[in-house]
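Asks: This structure is in structure tokens; I'll ask about it shortly.
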Amino acid sequence: MFHWLEKNPFFFSVGVFLVIAFAGLIEILPNFAEASRPVAGLRPYTVLELAGKEVYKKDQCIACHSQLIRPFKAETDRYGQYSLSGEYAYDRPFLWGSKRTGPDLHRVGNYRTTDWHENHMWEPTSVVPGSIMPAYKHQFTNIADIETAYAEAVTVKNVFATPYGDDIKAGPEAWAAYEPKVLAEAQKIADQMKNENVKEAVAAGKVPEVVALIAYLNSLGTSRYEAKK
Amino acid sequence: MNALMAKGLLFAAILIGATIYVVKSMNIDLSDPINLITMIGAIAIAGLSVGVSIKYINQMKTDTAGGELAEENWDGIGEYKNELPSGWAYSFLGTMIWALWYWTIGFPVNGYSQIGEWNKEVKAYNAKFEELHKNPSADQLKEMGESIFLVQCAPCHGTTGDGLSGKAQDFTHRMSEGQILATIEKGSNQLGYPMGAMPPMMATGQDAKDIAKYIAGGMKGEQPASFAACASCHGPDGKGMAGMAPNLSGYDDTLVGKVVKNGKKGSIGTMPAFHDRMTPVQVKSLSAYIQTVKGE
Chain A
1 MFHWLEKNPF FFSVGVFLVI AFAGLIEILP NFAEASRPVA GLRPYTVLEL
51 AGKEVYKKDQ CIACHSQLIR PFKAETDRYG QYSLSGEYAY DRPFLWGSKR
101 TGPDLHRVGN YRTTDWHENH MWEPTSVVPG SIMPAYKHQF TNIADIETAY
151 AEAVTVKNVF ATPYGDDIKA GPEAWAAYEP KVLAEAQKIA DQMKNENVKE
201 AVAAGKVPEV VALIAYLNSL GTSRYEAKK
Chain B
230 MNALMAKGLL FAAILIGATI YVVKSMNIDL SDPINLITMI GAIAIAGLSV
280 GVSIKYINQM KTDTAGGELA EENWDGIGEY KNELPSGWAY SFLGTMIWAL
330 WYWTIGFPVN GYSQIGEWNK EVKAYNAKFE ELHKNPSADQ LKEMGESIFL
380 VQCAPCHGTT GDGLSGKAQD FTHRMSEGQI LATIEKGSNQ LGYPMGAMPP
430 MMATGQDAKD IAKYIAGGMK GEQPASFAAC ASCHGPDGKG MAGMAPNLSG
480 YDDTLVGKVV KNGKKGSIGT MPAFHDRMTP VQVKSLSAYI QTVKGE
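Chain order of the listed sequences is A and B.
Just so we're aligned: the first sequence equals residues 1 to 229 in our numbering.
Just so we're aligned: the second sequence equals residues 230 to 525 in our numbering.
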């Protein structure tokens, strides 16, 4: 029936293209669907949270932790409400992960607190006996790169129209004006922590990685959009 | 019967024998239809593979080329005109039509909802749960509470409920002196008890210390006179007047329920609310378990 196709490379290619394009449409079109728009009231990550997200990536939390709660009762019982695609709208890139050596973290902001994270990052077994997670003590001394995080915010604002305020714009003056806001946010976290080095560093205008990471972890969950309801 | 056939039958016999040996040695229960069907399937696969192989090996040995060549040939390599059997062609067209039906009418592409399935699953589970735990016994509650505690609470309060050396509330006692003093100093309005907010500085100085010592000591011995300031809301026995104010002498269902619902911010740190993660029966069981956590 299609014998003639074998003698016509052009039309054969067109046929192959059509078949593959159909599969592509099925995969790509849903990403443009309404469900993939940001969920109502979702705010983008703050600069401090973006810096924390970088720490999350740098220390490869994704190797053991996922950020995607599937709609199964066993998962929603343990981790909270199932994830919606619109919640990842400002995740560039999303950090779904594919391996759960540790628990899922997509709602960790709902049920863990700054002081818990501090204890846990310093020595996981102090709060979770039998935990095999390594300690991340270097995060208490390493300084997070909030400047690059600010640049990231500027970039996603300009390129992807992420709804940041007018105070986030390119240029050293804009950053100088914005930096105190980041430090104030870090100060709030540090106030709830016990580690003296961290408190001193934040008071001196530096943000240890653990502070940024905790800000990011606290933002994971429903607080980024429920607050506006 | 030729040599090939004999070898094939021998091979098939070995395969079938091995299948039966595995079934026997693993004590597989053949009264379970799934196991039985699987075994029959394995035997059928062994028989069919050997039979089909014999047919094609014989055909390779004896067949010669025949048929009509197609027009085109590539450097002398030709192709027989080998029309698709019409049955295959019609079934192929049939599956295409069926696929269109499947995508558009049968099970439309957007007709399946994972969330819908989740809703159904949760509804069915909750109904079953309610049915099963309509009248839980004390032991059942305690057991359920323990398992919930280990998953939801243990990461902060420790698997034994001792609060991990001050990282969270220690359930072996009600409150420490430090916690009581902090609450007296700052007041409290977090849990939504009918009595409302507790104002700060109801007692000061030595009075506050006396109260703290008395409550932290398990409310035993002589009650300090200054406890009157507490008794007006928490009751003379400190038990919270049947749910009007927090129980100071121990944990009860009301207290655990309200903390789970509202979370708590105290001198130790912040506890988030867990209200959407437990059913009322589960909260009750959690309370039952926490009340059994006792210090040495």
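We put the CB at the ideal spot given by N, CA and C, even for glycine.
Only counting runs of 4 or more residues, tell me where the alpha helix (DSSP H) segments fall wholly within the stretch 58 to 107 of chain A, in order along the chain.
Replies: Listed in chain order, they are 73 to 79.
Asks: Could you work out which residues of chain B lie near Lys-73/A, taking near to mean beta carbons separated by less than 8 Å?
Replies: Within chain B, the residues near Lys-73/A are Trp-347, Glu-350, Val-351, Tyr-354.
Asks: With contact counted as at least three CB pairs below 8 Å, one residue from each stretch, are the stretch 267 to 275 of chain B and the stretch 245 to 258 of chain B in contact?
Replies: These segments touch.
Asks: Can you check which of these residues, His-504/B, Asn-256/B, Phe-336/B, is closest to Arg-78/A by C-alpha distance?
Replies: For the residues His-504/B, Asn-256/B, Phe-336/B, the minimum Cα distance to Arg-78/A belongs to His-504/B.
Asks: For Lys-396/B, which residues in chain A fall below 9 Å Cβ to Cβ?
Replies: Result: Asp-115, Trp-116, Asn-119, Ser-126, Val-127.
Asks: So, is Val-182/A buried or exposed, given that buried needs 16 or more other C-beta atoms within 10 angstroms?
Replies: The residue is buried, with at least 16 neighbouring Cβ atoms inside 10 Å.
Asks: Count Cβ pairs between the stretch 121 to 135 of chain A and the stretch 29 to 43 of chain A that sit closer than 8 Å; are there 3 or more?
Replies: Counting Cβ pairs under 8 Å, fewer than three are found: no touch.
Asks: Relative to the alpha-carbon of Met-424/B, which residue among Glu-359/B, Glu-300/B, Ala-471/B, Lys-396/B has its alpha-carbon at the smallest distance?
Replies: When only C-alpha atoms are compared, the closest one is Ala-471/B.
Asks: Among the residues of its own chain, which have a CB less than 7 Å from the CB of Asp-482/B, if the five just before and after it don't count?
Replies: Contacts found: Lys-513, Ser-516.
Asks: Along the chain, where does the alpha helix (DSSP H) containing Arg-224/A start, and where does it finish?
Replies: Looking at the DSSP string, the run of the alpha helix (DSSP H) that includes Arg-224/A is 223 to 226.
Asks: Roughly how many angstroms separate the alpha carbons of Ala-441/B and Pro-93/A, rounded to a whole number?
Replies: Their backbone Cα atoms lie some 52 Å apart in a straight line.
Asks: Determine the burial state of Ser-376/B: buried for a count of at least 16 other Cβ atoms within 10 Å of its Cβ, exposed for fewer.
Replies: Result: exposed.
Asks: Please state the DSSP three-state secondary structure of Leu-244/B.
Replies: Three-state result, Leu-244/B: helix.
Asks: Between Val-159/A, Ile-146/A, Gly-102/A, which lies nearest to Cys-61/A when the distance is taken from Cα to Cα?
Replies: For the residues Val-159/A, Ile-146/A, Gly-102/A, the minimum Cα distance to Cys-61/A belongs to Gly-102/A.
Asks: Listing by chain order, which chain A residues have their CB less than 7 Å from the CB of Gln-228/B?
Replies: Examination of residue 228/B is not possible in this model, given that chain B is present from 230 through 525 alone.
Asks: Here's the rule: buried if 16 or more other CB atoms are within 10 angstroms of the residue's CB, otherwise exposed. What is Gln-288/B?
Replies: Exposed.
Asks: If you draw a straight line from the C-alpha of His-386/B to the C-alpha of Val-252/B, how long is it?
Replies: Cα to Cα, the separation comes out at about 49 Å.
Asks: Using only CA atoms, which one of Gln-452/B, Glu-451/B, Tyr-422/B lies nearest to Asn-491/B?
Replies: Comparing Cα-Cα distances from Asn-491/B to each of Gln-452/B, Glu-451/B, Tyr-422/B, the minimum goes to Tyr-422/B.
Asks: Could you check which residue in Ala-318/B, Thr-508/B, Ser-394/B has the C-alpha nearest to that of Leu-526/B?
Replies: The structure shown does not extend to residue 526/B, since chain B spans only 230 to 525, so no value can be given for it.
Asks: Return no unless some Cβ of chain A is closer than 8 Å to the Cβ of Ile-378/B.
Replies: Before going on, a small fix: residue 378/B reads as Phe here, not Ile. Answer no: the Cβ-Cβ gap between Phe-378/B and chain A never drops below 8 Å.
Asks: When you compare only the Cα positions, how much space is there between Glu-173/A and Met-500/B?
Replies: Approximately 40 Å, taken between the alpha carbons.
Asks: Does Leu-329/B come within less than 8 Å of chain A when only Cβ atoms are used?
Replies: Closer than 8 Å: no.
Asks: Looking only at its own chain, which residues have a Cβ that is under 6 Å from the Cβ of Glu-525/B, when we skip the five neighbours before and after it?
Replies: A caution first: Glu-525/B carries a pLDDT of 49, below 50, which makes its placement in the model unreliable, though a value can still be read off. Cβ neighbours of Glu-525/B beyond the five flanking positions: none.
Asks: Classify Trp-330/B: buried if its beta carbon has 16 or more other beta carbons within 10 angstroms, exposed otherwise.
Replies: Answer is exposed; the Cβ neighbour count stays below 16.
Asks: Specify whether the stretch 14 to 25 of chain A and the stretch 196 to 205 of chain A touch according to this definition: at least 3 beta carbon pairs, one from each stretch, less than 8 Å apart.
Replies: Contact between the stretch 14 to 25 of chain A and the stretch 196 to 205 of chain A is absent, because fewer than three Cβ pairs lie under 8 Å.
Asks: Quick one: Cα of Ser-131/A to Cα of Ala-184/A, how far?
Replies: Each residue's Cα considered, the two are about 33 Å apart.
Asks: Could you check the C-alpha separation between Phe-11/A and Ala-21/A for me, to the nearest Å?
Replies: So the alpha carbons of these two residues sit roughly 15 Å apart.
Asks: Could you name the residues of chain B that Gly-80/A contacts, counting a contact when the two beta carbons are closer than 9 Å?
Replies: Those are Asp-505, Arg-506, listed as they occur along chain B.
Asks: Using a 10 Å radius around the Cβ and a threshold of 16 neighbouring Cβ atoms, would you call Val-14/A buried or exposed?
Replies: Counting Cβ neighbours within 10 Å, Val-14/A comes out exposed, since fewer than 16 surround it.
Asks: Using a 10 Å radius around the Cβ and a threshold of 16 neighbouring Cβ atoms, would you call His-138/A buried or exposed?
Replies: Exposed, by the Cβ-count rule.
Asks: From Ala-135/A to Tyr-150/A, what does the alpha carbon distance come to, in whole angstroms?
Replies: The straight-line gap from Cα to Cα measures roughly 28 Å.
Asks: Below 7 Å on C-beta distance, what does Asn-31/A contact in chain B?
Replies: Going along chain B, no residue has its Cβ under 7 Å from Asn-31/A, so there is no contact; the nearest lies around 14 Å.
Asks: In the structure shown, what three-state DSSP assignment does Lys-199/A receive?
Replies: In this structure, Lys-199/A counts as helix in the three-state DSSP scheme.
Asks: With H, G and I counted as helix, E and B as strand and the rest as coil, what does DSSP make of Pro-365/B?
Replies: Coil at Pro-365/B, not helix or strand.
Asks: Assign Glu-525/B to one of three DSSP states: helix, strand, or coil.
Replies: Confidence is the limiting factor: at Glu-525/B the pLDDT is only 49, short of 50, which leaves the residue's position unreliable, though a coordinate-based value still follows. Residue state, collapsed to three classes: coil.
Asks: Grab me the residues of Ser-230/A's own chain with a C-beta within less than 8 Å of its C-beta, minus the 5 sequence neighbours each way, in chain order.
Replies: Absent from the model: residue 230/A. The displayed extent of chain A is 1 to 229, so no value can be given.
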